[in-house]
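**Q**
In the working numbering, the protein residues as written are 28 to 370.
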């Protein structure tokens, strides 16, 4: 009887769809040895670096992978989550997986996959096949679509399908940059922060900066809709908070390499605001669903230092993602919408 019940339970689980939250990835340890293979995989993706491999490979192997792993390891070490012995991105991504799984209990099983590093997208898809799962919803953890973030996730799923004997039924979420639940999550994080720390004196010159990851201008010129979706998010959030347009600045961070990237740059703006006597700046990063190097080091340290050193007084980084209720609400609604007709 027990064996039969277990078999029925396993069959019922296999008949349920699965949801995969897919983020970028992270090294397994804050060491150069762990960072190097992660960077190699990441920077070898033609979606990330569009330079011809014959030109790019010697630069990557001969220069970047000799110098950057040690530098990056120090940054990871400074933000490493000691309790879980993982990067903040991994820690919060696992929390998001667990929180979403609780919300979707009896509806779908939830898994975490990383585009670069582990757990890899292919390993998770293989695991689902072994369990007999047939239907899978992929949610790239990027609110705004970009050919250098969302597309690599879809590419990897497609490569898996190309060689699979048992092709799964796959659905993918392209973006959720204008979803009301997402805009509400951003707004709630700011309102809660202002309730606790006081509202900025916008009339007196304080600013709210919405900082998105940048992309090369060439990608934008070639048809990438990322900047358009960032600007849509920014306008919807500004409208939701009923703020004048002059109080809210949309900026771009995390520029890499010599090519020209979309701007204005967040860190340049920090220096400019401090220099003209701006007292307070609040910064939120709508494109990052989990804290990581780009938020905890680049924004909360480097951009803060740039603002304060230029003459500013108060700098506040405002998280909105991680396991905050609004972020999990967003993932839940995106998942339920994507699962419609399957459950």
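Even for Gly, the Cβ is constructed at its ideal location relative to N, Cα and C.
Since we're looking at a predicted model, the values are computed, not measured.
1) Which runs of the beta strand (DSSP E) fall wholly inside the segment 217 to 297 and span at least 3 residues, in chain order?
2) What's the gap between the Cα of residue 54 and the Cα of residue 284?
3) Quick one: is residue 364 buried, meaning 16 or more other Cβ sit within 10 Å of its Cβ, or exposed?
4) Pull the bridge partners of residue 167 from the DSSP assignment, please.
5) Classify residue 300 as buried or exposed, calling it buried when 16 or more other Cβ atoms lie within 10 Å of its own Cβ.
6) In three-state terms, what does DSSP make of residue 344?
7) Give the straight-line distance between the Cα atoms of residue 32 and residue 354, rounded to the nearest whole angstrom.
8) Check residue 310 in the structure and name its three-state DSSP category.
9) Leaving aside the five residues before and after residue 159 along the sequence, list all residues of the same chain whose C-beta is less than 7 Å from its C-beta, in chain order.
10) For residue 208, which residues from the same chain have a beta carbon less than 7 Å from its beta carbon, with the 5 sequence-adjacent residues on both sides left out?
11) Residues in its own chain within less than 7 Å of residue 151 by CB, not counting five upstream and five downstream?
12) From residue 205 to residue 89, what distance separates their C-alpha atoms?
13) Pick out whichever of 362, 249, 220 has its Cα sitting closest to the Cα of residue 379.
14) Let's test the definition: count the other Cβ atoms within 10 Å of the Cβ of residue 240 and tell me whether it reaches 16, buried, or not, exposed.
15) What is the rounded straight-line gap between the Cα of residue 69 and the Cα of residue 273?
16) Assuming residue 75 contacts residue 173 (C-beta within less than 8 Å), just tell me the rounded distance between them.
17) Closest by CA to residue 308, which one among 287, 228, 258, 292?
18) Apply the 10 Å Cβ neighbour rule to residue 304 and answer buried if 16 or more other Cβ atoms are within range, or exposed otherwise.
19) Among residues of its own chain, excluding the 5 on either side of residue 248, which ones have a beta-carbon nearer than 7 Å to its beta-carbon?
20) For residue 106, I'd like the list of residues in its chain whose CB is within less than 7 Å of its CB, leaving aside the five on either flank, ordered along the chain.
21) Under a Cβ-count criterion, where at least 16 other Cβ atoms within 10 Å of its own Cβ denotes burial, should residue 269 be classed as buried or exposed?
22) Which residues in the same chain as residue 333 place their Cβ atom closer than 8 Å to its Cβ, once the five residues preceding and following it in sequence are excluded?
23) Report the residue from 245, 134, 210, 82 whose alpha carbon sits nearest the alpha carbon of residue 289.
24) Are the CB atoms of residue 127 and residue 163 nearer to each other than 8 Å?
25) Which of the three DSSP states is assigned to residue 118 in this structure?
26) Taking just the CA atoms, how far does residue 214 sit from residue 345?
27) Whose CA, out of 202, 184, 56, lies closest to the CA of residue 101?
28) In the DSSP assignment, what residue or residues form a beta bridge with residue 141?
29) Less than 8 Å separating the beta-carbons of residue 236 and residue 278?
30) Would you say residue 266 and residue 310 are within 8 Å of each other, going by their C-beta atoms?
31) Roughly how many whole angstroms lie between the Cα atoms of residue 291 and residue 254?
**A** In short, the structure shows the following:
1) 234 to 240, 275 to 280
2) 21 Å
3) exposed
4) 49
5) buried
6) strand
7) Unreliable positioning characterises residue 32 in this predicted model, as indicated by a pLDDT of 49, which lies under 50. A coordinate reading is not provided.
8) strand
9) 41
10) 356, 357, 360
11) 47, 138, 140
12) 42 Å
13) The question about residue 379 has no answer, for the chain in this structure spans 28 to 370.
14) buried
15) Using only the alpha carbons, I get a separation of about 37 Å.
16) Residue 173 and residue 75 do not touch by the CB rule: their CB atoms are close to 11 Å apart, not below 8 Å.
17) 228
18) With fewer than 16 Cβ atoms within 10 Å of its Cβ, residue 304 is classed as exposed.
19) none
20) 115, 320, 323, 324
21) exposed
22) If we look at residue 333 and ignore the five residues flanking it on each side, its Cβ neighbours are 294, 297, 298, 301.
23) 245
24) no
25) helix
26) 11 Å
27) 56
28) 50, 147
29) yes
30) no
31) 12 Å
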